[in-house]
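In terms of full-length UniProt numbering, the sequence shown is residues 1 to 172.
Ideal placement from N, C-alpha and C gives every residue a C-beta, glycine not left out.
Because the structure is a prediction, the values reported are computed rather than measured.
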Amino acid sequence: MCRKFMPKVMASQYERQLRQLTTTLSDYRGRRNYPKVWPADLSTYEIVIEAEAGPLMLSPTGQFIVPSSCPSFLLVNFITDNLEEATKRLHHYNNIKYVERELYDKTVQELGLSVLNKDDSITPDLMIQCCERLLLHKNILAPLLKGVMLWVTHYYSVMSDGVLCIPWDWKL
Numbered sequence: 001m002c003r004k005f006m007p008k009v010m011a012s013q014y015e016r017q018l019r020q021l022t023t024t025l026s027d028y029r030g031r032r033n034y035p036k037v038w039p040a041d042l043s044t045y046e047i048v049i050e051a052e053a054g055p056l057m058l059s060p061t062g063q064f065i066v067p068s069s070c071p072s073f074l075l076v077n078f079i080t081d082n083l084e085e086a087t088k089r090l091h092h093y094n095n096i097k098y099v100e101r102e103l104y105d106k107t108v109q110e111l112g113l114s115v116l117n118k119d120d121s122i123t124p125d126l127m128i129q130c131c132e133r134l135l136l137h138k139n140i141l142a143p144l145l146k147g148v149m150l151w152v153t154h155y156y157s158v159m160s161d162g163v164l165c166i167p168w169d170w171k172l
């Protein structure tokens, strides 16, 4: 439900990607130190390592999304340029994730849903808005959604396995 961004990969593939990126960063650190503007402790931040190629991104939850083939100087510059924004997003996520979980549980229970999930692209803020609207109309929706597997996304659809997809800003 409240999964942070992290694509599913085989352990051996992830190990290879992790080794590639850590080797690159170790080489960088051997040639020069990390920027002085970085805090002494980066343990509150997360790096999600993706496939070989792709863009550098900052997730809505404050994670750095990095392709394993990223040159170290680009990664260091990206982290330096986005550290403040990552901190803001991380704090916001840590404050709001409990609200999202609470509304998630209440929505599942009061609507009698069998499952409630969301796409990775649905931020906690969007999920909160969606759940609040579902609960606002629970008297109408509960009989219709009892036992339904509901997936919050950006479109309407019914999947072949019976999952009902609705956009976060659904209309009644």
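Counting along the chain, residue 85 sits inside the alpha helix (DSSP H) bounded by residues 72-111. Beta-bridge analysis with DSSP links residue 118 to 152. Just measuring C-alpha positions, the residue of 159, 158, 154, 162 sitting nearest residue 168 is 154.
The beta carbons of residue 45 and residue 73 sit no closer together than 8 angstroms. Spanning the alpha carbons of residue 69 and residue 56 requires a straight line of approximately 11 angstroms. Each of 61, 77, 51 was checked against the Cα of residue 28, and the nearest Cα belongs to 77.
Membership of residue 132 in the alpha helix (DSSP H) is indicated by the continuous run 124-136. Judged by their CB atoms, residue 60 and residue 97 are not nearer to each other than the 8 angstroms cut-off. The DSSP-derived three-state label of residue 164 is strand. Look at residue 26 here: in three-state DSSP terms it is helix.
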